[in-house]
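Residue numbers (the working numbering), protein chains in the order written: chain C, 670 to 793; chain Z, 602 to 897.
Beta carbons are placed, not taken as given, at the ideal position from N, Cα and C, and that holds for glycine.
Remember, it's a predicted structure, so these values are computed and weren't measured experimentally.
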Amino acid sequence: MQRTLLVLLVGLGLGALGGAVFGWLVPIQDVSTGFYELHPNYKADYTVMVGAAYAADGDWDKAQARLGRLAEPDPATYVVTLAEQYIAEGRNPNDIRNLVAMAVRFGYTTPPMQLYISPPDSEQ
Amino acid sequence: MQEDSPRFPWIALLIGLVIGIAGGLYYGWYLNPVDWVNIGPDKLNAEDQQEYILLVAEAYLQEQEIARASARLAALDTHDIAELVSLQADEALLRGDDPNEVRALTTLAEALGASPMAAEVFSGTTAPATLDEERTVTPTFEGIASPTPPTIGDTTDTPTPTQETLTPTPQIISETDLSLVERETVCEAGEGSGQIEILVLNRDEIGIPAVEVRVEWGGEDADTFFTGLNPGVDPGYADFSMVVDRVYSVTLVGLTEPVVGLDSSNCTTDSGEESIPTYRLTFSPNNNNDDATVDE
Chain C
670 MQRTLLVLLV
680 GLGLGALGGA
690 VFGWLVPIQD
700 VSTGFYELHP
710 NYKADYTVMV
720 GAAYAADGDW
730 DKAQARLGRL
740 AEPDPATYVV
750 TLAEQYIAEG
760 RNPNDIRNLV
770 AMAVRFGYTT
780 PPMQLYISPP
790 DSEQ
Chain Z
602 MQEDSPRFPW
612 IALLIGLVIG
622 IAGGLYYGWY
632 LNPVDWVNIG
642 PDKLNAEDQQ
652 EYILLVAEAY
662 LQEQEIARAS
672 ARLAALDTHD
682 IAELVSLQAD
692 EALLRGDDPN
702 EVRALTTLAE
712 ALGASPMAAE
722 VFSGTTAPAT
732 LDEERTVTPT
742 FEGIASPTPP
752 TIGDTTDTPT
762 PTQETLTPTP
772 QIISETDLSL
782 VERETVCEAG
792 EGSGQIEILV
802 LNRDEIGIPA
812 VEVRVEWGGE
822 DADTFFTGLN
832 PGVDPGYADF
842 SMVVDRVYSV
852 TLVGLTEPVV
862 GLDSSNCTTD
872 SGEESIPTYR
882 LTFSPNNNND
892 DATVDE
């Protein structure tokens, strides 16, 4: 009897484990989600694209709305931090310029950005 | 005395497994479902995927790096990226979305090797824009564009700008480029009567979609719509249903002067019935207005 009970419990445990793993790997709910759950690298690239689009159309409201989709607590700080990170890492100068343009539009200018700030009359 | 059987309790194991799996599934699906974090664009919901594609297209307009745009789109994990972008461009065109967005999507779709319907209007008309430029719709009459799109396979580690492959469209619609070339009034009873039927054609007499049409009546009332919403008739076709006893005017926004005096007072058909007339207006590039035919 004890043996039967033990086997039952082992079966329960194995089944529960397998069922839970299967449930996580094959979810039945819609697993699609929004930009806010993107991997940080994708978030950074998304922000770079927002910067490029902003450089192209100059639509600040649209750029802000797009940044808002990332659900960062402080989009301005996020952009500034990203711009400084890109500068420190020596990334694509155009990307940096676009990010800096958004940071400046947010009202933030830091020393590392100075090199990438376009004069007002030549801003792209 | 008989010795206890050493048989393994398979039934107990089976019952345990079944109950355990059921419980595990309930836990994994409902009590503690998987929480996606740090996802890639392929896990975005449909709306955000479309926004992502649009953003890639807009960034491409500015960056002109097809390899980079392709890499970004590849993150969507879709097998036919070009077709996806092309489809989105056409949907945006038919919805009457912001022309800048349609142009961005069209340009990217073409660069990827697709031929969206929207290319008939927005093909290769763009150059990287600046804040100082006034963004205008630049539909063309040239049909499918001339640029030879670079393919993904052509890209290298150091992608070269592809701007030179985009041939600026030589003809841009300006206010004087289109004019009314035919105006026909028909008095027929039944379905289809009382319509203003608009057809916008290019020099090759191919319909031009996405041309904004404004119909005004009564001094204050107006409606705006686009050609191409009924591609089954013609890509350059649009229509509007009139109400009896009004006088309407039709303008191709930014392209023509208003066509005025479209009176919807009842007319008498050949069979003696009363009906609202139908006006058929055909617009075409303004080669020479002298050859315009206007039937009143």
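Check: Cutoff 6 angstroms; reference A721(C); Cβ partners in own chain excluding five residues on either side; Outcome: N767
Check: P642(Z): contacting residues in chain C (beta-carbon distance under 8 angstroms); Outcome: L707 and Y711
Check: Counted within 10 angstroms of its Cβ, other Cβ atoms place A725(C) as buried (16 or more) or exposed; Outcome: buried
Check: Alpha carbon of R760(C) to alpha carbon of V717(C), nearest angstrom; Outcome: 11 angstroms
Check: N867(Z) versus D835(Z) - alpha carbon distance; Outcome: 28 angstroms
Check: The region 666-673 of chain Z touching the region 608-624 of chain Z, judged by at least three CB pairs closer than 8 angstroms; Outcome: no
Check: Close beta carbons around V801(Z), own chain, < 6 angstroms, minus the five adjacent residues each side; Outcome: I809, V812, T828, G837 and F884
Check: Start-to-end residues for the beta strand (DSSP E) that takes in Y838(Z); Outcome: Y838 to S842
Check: Close Cβ partners of G776(C) (< 8 angstroms) along its chain, the five nearest in sequence each way excluded; Outcome: A745
Check: V782(Z) to V860(Z) span [Cα, whole Å]; Outcome: 11 angstroms
Check: Close-in-space but distant-in-sequence residues of the same chain around I799(Z) (CB under 6 angstroms, 5 per side omitted); Outcome: V814, A839 and L882
Check: Opposing strand residues paired with F775(C) [DSSP bridges]; Outcome: Its beta-bridge partners do not exist; DSSP assigns none.
Check: Straight-line Cα distance separating Y631(Z) from N710(C); Outcome: 30 angstroms
Check: Closest Cα partner of P832(Z) within the set A719(Z), V816(Z), A823(Z) and L853(Z); Outcome: A719(Z)
Check: Integer-rounded CB distance, given that A658(Z) should sit under 8 angstroms from L706(Z); Outcome: 5 angstroms
Check: Assumed close pair I640(Z), E741(C) - CB separation to whole angstroms, cut-off 8 angstroms; Outcome: No, I640(Z) and E741(C) are not in contact; Cβ-Cβ is about 16 angstroms, not under 8 angstroms.
Check: Min CB distance A660(Z) to chain C below 7 angstroms; Outcome: yes
Check: Cutoff 7 angstroms: A770(C) Cβ touching any chain Z Cβ; Outcome: no
Check: Segment limits, alpha helix (DSSP H) that includes T825(Z); Outcome: It is not in any alpha helix (DSSP H) - T825(Z) instead sits in the beta strand (DSSP E) that spans D822 to F827.
Check: Beta bridge counterpart(s) of D846(Z) as assigned by DSSP; Outcome: Paired residues: none, contrary to the question.
Check: Element boundaries [beta strand (DSSP E), containing V861(Z)]; Outcome: V860 to D864
Check: Straight-line Cα distance separating K644(Z) from G692(C); Outcome: 17 angstroms
Check: Chain C contact for L626(Z) (CB, 7 angstroms cutoff); Outcome: yes
Check: Neighbour-count burial assignment, A728(Z), 16 or more Cβ in a 10 Å radius; Outcome: Note that A728(Z) scores 41 on pLDDT, short of 50, meaning its location in the model is unreliable and no value can be drawn from it.
Check: Straight-line Cα distance separating N803(Z) from L856(Z); Outcome: 13 angstroms
Check: For Q650(Z) and M782(C), the rounded distance between their alpha carbons; Outcome: 32 angstroms
Check: Neighbouring residues, chain C, relative to L656(Z) (Cβ below 8 angstroms); Outcome: Y715, M718, V719, A722 and R735
Check: P717(Z) classed as buried or exposed, judged by whether at least 16 other C-beta atoms fall within 10 angstroms; Outcome: buried
Check: Pick from L853(Z), V854(Z) and F826(Z) that is closest to S842(Z), judged by C-alpha positions; Outcome: F826(Z)
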